[in-house]
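The structure appears below as structure tokens.
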Amino acid sequence: MSKNIKLRKGLDINLAGKAEARLEVAPMAKSYAVSPLDYENVTPKLLVKVGDKVEAGSALFFDKNNPRILFTSPVSGVVSAINRGEKRKLLSVAVEPDQQQVAKAIKVVDTAKASREEIVEMLLESGLWTRIVERPYGIIANPDREPKAIFVSAFDSAPLAPDYNFILKEEKAAVEAGMALLARLTKGKVHLSARKSAEGYMSEVKGVEYHTFEGKHPAGNVGVQIHHIDRIAKGDIVWTVNIQDVAIIGRMLLSGKLDMSKTIAVTGSEVAKPCYKRIIAGAAVESIVGKTAENVRIISGNVLTGRTTAADGYISADANQLTLIPEGNVYELLGWAMPRFHRFSVSRAYFSWLCPKKEYKLDTNLNGGERPFVVTGLYENYLPMDVYVSYLLKACLVKDLDKMENLGLYEVLPEDLALCEFVDPSKIEMQQILRDGINLMIKES
Amino acid sequence: MGLRQFVDKIKPTFSEGGKLSFLHSTFEGFETFLYVPNTTTQRGAHVRDCNDIKRVMIMVVLALVPAMLVGMYNVGYQAGIEGILPAFWFGFLKALPTIIVSYVTGLAIEFAFAQKRKHEINEGFLVTGLLIPLVMPVTVPLWIVALSTAFAVIIGKEVFGGTGMNVFNPALLARAFAFFAYTPQMSGEAVWYADGKTGATALEQLATTGDMQWSVMDAFLGLIPGSLGETSTAAILLGAALLLFTGVASWRIMLSVFVGGLAFGYLFDAVGVTDYPAYYHLLVGGFAFGAVFMATDPVTSAQTNCGKWIYGFMVGALAVLIRVVNPAYPEGMMLSILFMNALAPLIDYFVVERNIARRKKLIKNVK
């Protein structure tokens, strides 16, 4: 029952610093952190204070909007810091790990026999519920609702993205157990989408609707896949889960305890030897890449959608990748008039079309100033969806809720517009505009 | 880095609180012209394509250069000057004042508005400022150039909110303003020519007599009377090639304008309203120039791909319709594009409505 979907729109940005297929185990970090900022629309309420002893799986804070949603510690140890920003906004809760790691006992249920509510309870208690994303809006799934379907993408097509077939090579049983659990959460289907050319066991996973995709980024974005498999209409709710998180859920079912270790790709032109590393979620950046040079942007995630973190920061909960690229805070004499052979552009006004195989070392320079919408017809080439990008963004800018809904706000998340933002010569902050639009919609509905 | 240090040194004078802070936007305009700023991405995608609006606009200016150079030569050629270089030099001296006046007037207004709004200076006028002299007869009095440029920038663009918000193509608006306000200097039989020689343009001859005194080859190369930049279809096509190759202009619009023009040209030829071949329309007057440089203006044309086909076809078809059916007013391209500029949002509206309808249908399918 597999269907191949071929996408013609999109772009693969060929960056330097691809992780080679080699796994290193990162040393235990000095501290691990859980941050409410890794999630959208969460109002955290603390459950611990500095000095408290916690186990892996102990709740650190919960969401005031939905008190059932717990955020748990990935390691056992002592709460070492509660970091706050302006107006005492909670930034993160840091835990200093013990020598001996102890995981909180989780009452694991048999997914085949237990009721749906028991399964939901188990996920909520372990904190793994936070890994389930709800669309529209890209927020943590509401445990009181039931989705029309659940979508899992088995590949990431973003620049320098990790290869999940490598990461999950040894975890077939865990992935299958996790998928079986997801199947219990919906009366609809669980869709698993893989790259057509991919090898590995994904096509053998049972109990799911298997799809294959061909094409450039964003073919791996689950939002794009949903659009081509079963579009989100008004009133629909679907859930999505990252494939590595499916494996973590499955691992808990098989072993009976929470194990938040995961494999990430350490990538980017500023990494000496890019490779895969085994870490525990929320690890301090220093434990993963060691000391970093000055003037480097450390991105938790990929260069298009990741969050900026710092040398003394942490990797975010949803990241399966850490990317280090140079900061571009330099002036460039007459740059806009130069041939710029070392820079990348989709436009043939530059020369990167001459060397399609070249690996680029891009920095964070904006490469121009922000301008109003001028060019047309460009964005649509980088979003394989039936959505008029500039019209949707303008609807968000003027806060017209009806238009936002009509033009497809429920179908896209900021990550889906990241490529449009990348190619835009007007340098418009599309992801932020869309996120503000979504948040307004959440507030008003 | 001596230059950079100098810029950094004088920067505080122009920044807020400095003595010359009222020139802040102007300074910033020149600074970003000289140096791509050191701004880094703060939110959203961490890396960005190195293409920006400056580069986009400069590509259009580059694309205009062949038409401008051939136009300058043609001015001398029409005045009867022998030799390529002397003829070009004659035309260059004739055209230069118009170009300077257009840029100075327009940029001064743009800078003033940018300062008032505390915006960065937009690069759009780099193109408009060159387009205006190219669509004017080279003999037009300079004060008319200045006045129509000011009209186009203020009424055509700034009142709508500046670059990206305007409804009408500013350069065409400048021409339309000059045409209707100062008709005797702009049209009729006494212009389009350099000093001392007057006569009807190819377009007027076609409209009145149904034939022209120039060969098809002359019309294609641009050795016919007309506005500075519009005569040489060959040079315009060279510019079109650059615009299409770099993806700056929409091939959909360009193609469909030519298709629309040809279709109506054939139609009129076939039913006997005209008795010259349809492709004449593409060679004379401002058709090719309008199709390549004016109709494709992304801000004032249709924005959806489907809309672009409709918009382009209508521009071409209307231009020929006006030319043929209304012989008193031979140049249909200008009016046709301005008219379709006004209709473009409506075309897009229906295209987007179809997208919305598809989305709404989804709900019914589910339930």
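For the protein sequence lines, the chains are Z and S, in the order given.
Each residue of the first sequence is one higher than the last, beginning at 1 in our numbering.
Each residue of the second sequence is one higher than the last, beginning at 1001 in our numbering.
The C-beta atom is built at its ideal place from N, Cα and C for all residues, glycine as well.
**Q.** For S/Phe1350, the nearest candidate out of S/Asn1305, S/Thr1246 and S/Ala1171 (CA to CA)
**A.** S/Asn1305
Q. Going by other Cβ atoms of all chains shown within 10 Å of its Cβ, with 16 needed for buried, is S/Phe1014 buried or exposed?
A. buried
Q.
Extract the residue ranges of the beta strand (DSSP E) inside the segment 142 to 167 of chain Z, only unbroken runs of 3 or more that lie entirely within it.
A. 149 to 153
Q.
Just to confirm my understanding: we take S/Leu1238, look at its own chain, exclude 5 residues before and 5 after, and list those with CB closer than 7 Å. What are they?
A. Pro1066
Q: Check each residue of the segment 339 to 373 of chain Z: if its Cβ is closer than 8 Å to any Cβ of chain S, include it; give the result in chain order.
A: Arg340, Arg343, Phe344, Ser345, Val346, Ser347, Arg348, Ala349, Tyr350, Leu362, Asp363, Thr364, Asn365, Leu366, Asn367, Gly368, Gly369, Glu370, Arg371, Pro372 and Phe373
(Q) Measuring CB atoms only, is the segment 1275 to 1284 of chain S touching the segment 1145 to 1157 of chain S, in the sense that at least three cross pairs come out at less than 8 Å? (A) no
Q) Considering only C-alpha positions, which residue in the set S/Ile1100, S/Pro1133 and S/Ala1108 is nearest to S/Glu1230? A) S/Pro1133
Q: With a threshold of 7 Å, establish whether the CB of Z/Trp239 neighbours any heavy atom of the ligand COA.
A: What this structure holds is no ligand at all, so the ligand COA is not there to describe.
Q | Selected residue, minimal CA-CA separation from Z/Ser115, among Z/Glu170, Z/Thr186 and Z/Ala161 | A | Z/Thr186
**Q.** C-beta atoms of S/Phe1111 and S/Ile1100 nearer than 8 Å
**A.** no
(Q) Is it buried or exposed, S/Val1140, if we count other Cβ atoms within 10 angstroms and call 16 or more buried? (A) buried
Q. Buried or exposed: where does Z/Asp156 fall if 16 or more other Cβ atoms within 10 Å of its Cβ makes it buried?
A. buried
Q: Using a threshold of 8 Å, state whether the C-beta atoms of S/Glu1123 and S/Lys1054 are closer than that.
A: yes
Q | Where Z/Gln431 sits in the DSSP three-state scheme | A | helix
Q: Using a Cβ cut-off of 8 Å (strictly closer), state whether S/Lys1054 contacts chain Z.
A: yes
Q: Would you kindly report the start and end of the unbroken alpha helix (DSSP H) that includes Z/Gly77?
A: Looking at the DSSP string, Z/Gly77 is not in any alpha helix (DSSP H); the run it does join, the beta strand (DSSP E), is Gly77 to Arg84.
Q | For Z/Arg135: DSSP bridge partner residues | A | Z/Val238
(Q) Can you pull the chain Z neighbours of S/Cys1050, defined as C-beta to C-beta under 7 Å? (A) Arg340, Arg343, Phe344, Ser345, Tyr350 and Asn367
Q) Should Z/His477 go down as buried or exposed, given a rule of 16 or more other Cβ atoms within 10 Å for buried? A) In this structure chain Z extends from 1 to 445, so residue 477 of chain Z is not present and cannot be described.
Q: Report yes if the CB atom of S/Val1036 is closer than 8 Å to the CB atom of Z/Tyr331, and no otherwise.
A: yes
Q | Z/Gln321, enclosing beta strand (DSSP E) - first and last residue | A | Gln321 to Pro326
Q) So is S/Thr1026 in contact with chain Z if we call contact Cβ pairs under 8 Å? A) no
Q.
Residues of the segment 1033 to 1050 of chain S in Cβ contact with chain Z at a cutoff of 9 Å, in chain order, please.
A. Phe1033, Leu1034, Tyr1035, Val1036, Pro1037, Asn1038, Thr1039, Thr1040, Thr1041, Gln1042, Arg1043, Gly1044, Ala1045, His1046, Val1047, Arg1048, Asp1049 and Cys1050
**Q.** Reference Z/Ala33; option with closest CA among Z/Ala317, Z/Phe344, Z/Pro326 and Z/Cys355
**A.** Z/Ala317
Q.
Using C-beta distances below 8 Å, list every residue in its chain close to S/Phe1168, excluding the 5 sequence neighbours before and after it, in chain order.
A. Gly1156, Thr1300, Leu1338, Asn1341 and Ala1342
(Q) Looking only at its chain, what residues have a beta carbon closer than 8 Å to the beta carbon of S/Gly1368, apart from the 5 residues adjacent to it on each side? (A) Only positions 1001 to 1367 of chain S appear in the structure, and residue 1368 of chain S is not among them; the question remains open.
**Q.** Closer than 7 Å at the beta carbon, the chain Z residues around S/Phe1245
**A.** Arg348
Q.
Using CA atoms only, rank isn't needed, just tell me which of Z/Pro326, Z/Ala349 and Z/Gly223 is closest to S/Thr1041.
A. Z/Pro326
Q: Consult DSSP for Z/Thr267 and reduce its assignment to one of helix, strand or coil.
A: strand
Q | Z/Ile119 beta carbon less than 8 Å from that of Z/Leu181 | A | yes
Q: Give the residues of chain S in contact with Z/Thr376, contact being defined as C-beta atoms less than 7 Å apart.
A: Pro1298 and Gln1303
Q) S/Glu1016 CB to nearest chain Z CB: under 8 Å? A) no
Q | Closer than 7 Å at the beta carbon, the chain S residues around Z/Arg297 | A | His1046
Q) DSSP three-state call for S/Leu1228: helix, strand or coil? A) coil
Q. If you draw a straight line from the C-alpha of S/Val1352 to the C-alpha of Z/Ser390, how long is it?
A. 11 Å
Q. So which residues on chain S does Z/Lys427 lean against when the C-beta distance must stay under 8 Å?
A. Arg1048 and Asp1052
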